[in-house]
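Reading through the structure tokens given below for one structure.
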Amino acid sequence: SQQGEEDPQALSIQEGENATMNCSYKTSINNLQWYRQNSGRGLVHLILIRSNEREKHSGRLRVTLDTSKKSSSLLITASRAADTASYFCATDTFNAGGTSYGKLTFGQGTILTVHP
Amino acid sequence: EAQVTQNPRYLITVTGKKLTVTCSQNMNHEYMSWYRQDPGLGLRQIYYSMNVEVTDKGDVPEGYKVSRKEKRNFPLILESPSPNQTSLYFCASSFAPGGVPSTDTQYFGPGTRLTVL
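Quick mapping for you: the protein sequence lines, in order, are chains Y and Z. Quick note: the first sequence uses the working numbering, first residue 170, plus one each step. Quick note: the second sequence uses the working numbering, first residue 405, plus one each step.
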């Protein structure tokens with residue numbers, strides 16, 4: 170099964186509303202990233218949060234991380250039609266030496282549709 | 405322009421006919437990786453490379469080979485493609501801060517849509 174699982178699978182909102190997507194994972198992580206994918210195109214990195222951080226902001230994006238619940242949420246405020254895309258979380262785990270194993274695990278994604 | 409390029413972008417082939425999908429990045433990134441994307445399954449990692457001459461299996465390596473002879477290139481080889489390898493393939497790369505390979509902030513190529521008949 171996937172390390173990261175997004176919820177909901179699909180979200181439909183009106184322009185100006187906020188969109189919240191959740192990601193749950195199973196094993197301990199060292200960081201969690203969120204990516205956006207426009208229909209069939211390459212993914213674009215949005216934001217990264219490390220395991221010792223609880224909240225991070227970037228423009229209209231707000232990411233939270235709760236390691237005790239093994240979950241993260243991505244909030245997009247004041248959404249725009251251009252935010253319509255699929256959003257994926259991805260998790261990485263470090264080895265005992267503090268470096269990445271190199272294995273990045275993606276969830277199945279949330280499809281966000283923002284209506285003008 | 406900093407980018408990851410993949411070729412071809414679209415490919416229709418037949419079962420058993422060897423093919424190579426090329427991936428090249430111009431950002432001097434140490435880490436490179438291949439993923440496949442299938443409906444309902446998200447992205448799954450096929451192989452990754454922490455640096456030149458270092459490659460490791462991801463979650464779904466069966467039926468694929470890779471090589472990393474140069475830092476900028478990371479080709480994906482399907483020796484004997486089968487219909488279950490029909491998928492959308494992405495190559496990605498990332499920088500190694502302090503020389504330590506990292507999966508942080510991956511740059512993705514545009515994708516290669518492969519159909520195996």
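Cβ atoms here follow ideal geometry from the backbone N, Cα and C, with glycine treated the same way. Keep in mind the model is a prediction, meaning the values are calculated, not measured.
task: Taking the CB atoms as reference points, tell me whether V520(Z) and Q489(Z) lie closer together than 8 Å.
output: V520(Z) places its beta carbon less than 8 Å from that of Q489(Z).
task: With 7 Å as the C-beta to C-beta threshold (strictly closer), list the residues of the region 463-485 of chain Z near chain Y in chain order.
output: Result list empty, no residue passes.
task: For G446(Z), return the contacting residues in chain Y, with the cut-off set at a CB-CB distance below 7 Å.
output: Ordered by position in chain Y, the residues that pass the 7 Å Cβ test against G446(Z) are Q171, F257, F275, G276, Q277 and G278.
S373(Z): first and last residue of the uninterrupted beta strand (DSSP E) it sits in: Residue 373(Z) is absent from the structure shown; chain Z starts at 405 and stops at 521.
- prompt: Exposed or buried, which one is E434(Z) when buried takes at least 16 other CB atoms within 10 Å?
  reply: E434(Z) counts as buried, since at least 16 other C-beta atoms from the protein chains shown sit within 10 angstroms of its C-beta.
query: For L212(Y), which residues in chain Z fall below 8 Å Cβ to Cβ?
result: Using a Cβ-Cβ cut-off of 8 Å, L212(Y) is close to L447, F494, A496, Q510 and F512 of chain Z, given in chain order.
field: G211(Y) versus R231(Y): straight-line alpha-carbon distance, rounded
entry: When rounded, the distance between both Cα atoms is 22 Å.
query: Comparing the C-beta of G228(Y) with each C-beta of chain Z, is any distance below 8 Å?
result: Residue contact check for G228(Y) against chain Z: no CB pair falls below 8 Å.
message: Suppose contacts are defined by Cβ-Cβ distances below 8 Å. Is P485(Z) in contact with T417(Z) by that definition?
response: Yes, Cβ-Cβ distance for P485(Z) and T417(Z) is below 8 Å.
- request: Decide if A300(Y) is buried, meaning its Cβ has at least 16 other Cβ atoms within 10 Å, or exposed.
  value: For residue 300(Y) there is no data in the structure shown, the boundaries of chain Y being 170 and 285.
field: Under 9 Å from the C-beta of S428(Z): neighbouring residues of chain Y
entry: Going along chain Y, no residue has its Cβ under 9 Å from S428(Z), so there is no contact; the nearest lies around 14 Å.
- prompt: Counting only beta-carbon atoms, is Y435(Z) nearer than 8 Å to chain Y?
  reply: Closer than 8 Å: yes.
- request: Anything in chain Z within Cβ reach of S269(Y), meaning under 9 Å, just list it in chain order.
  value: Neighbours of S269(Y) on chain Z, chain order: Y435, M454, V504, P505, S506, T507 and D508.
query: If we ignore side chains and look at the alpha-carbon of each, how far apart do Y468(Z) and G271(Y) end up?
result: About 18 Å.
query: Is the beta carbon of T236(Y) less than 8 Å from the beta carbon of E224(Y)?
result: With respect to the 8 Å criterion, T236(Y) and E224(Y) are not classified as neighbours on the basis of their beta carbons.
Local Cβ density within 10 Å of T274(Y), reported as buried at 16 or more and exposed below that: Under this definition T274(Y) is a buried residue.
- request: For the beta strand (DSSP E) holding Y256(Y), just list the boundary residues, first then last.
  value: A254 to F263 is the extent of the beta strand (DSSP E) around Y256(Y).
field: Cβ distance (whole Å) where Y452(Z) is taken to contact D460(Z) below 8 Å
entry: Separation of the CB atoms of Y452(Z) and D460(Z) is rounded to 6 Å, and the pair is thereby assigned contact status at 8 Å.
field: Option in I218(Y), S220(Y) and S240(Y) with minimal Cα separation from M190(Y)
entry: Nearest option by C-alpha distance: S240(Y).
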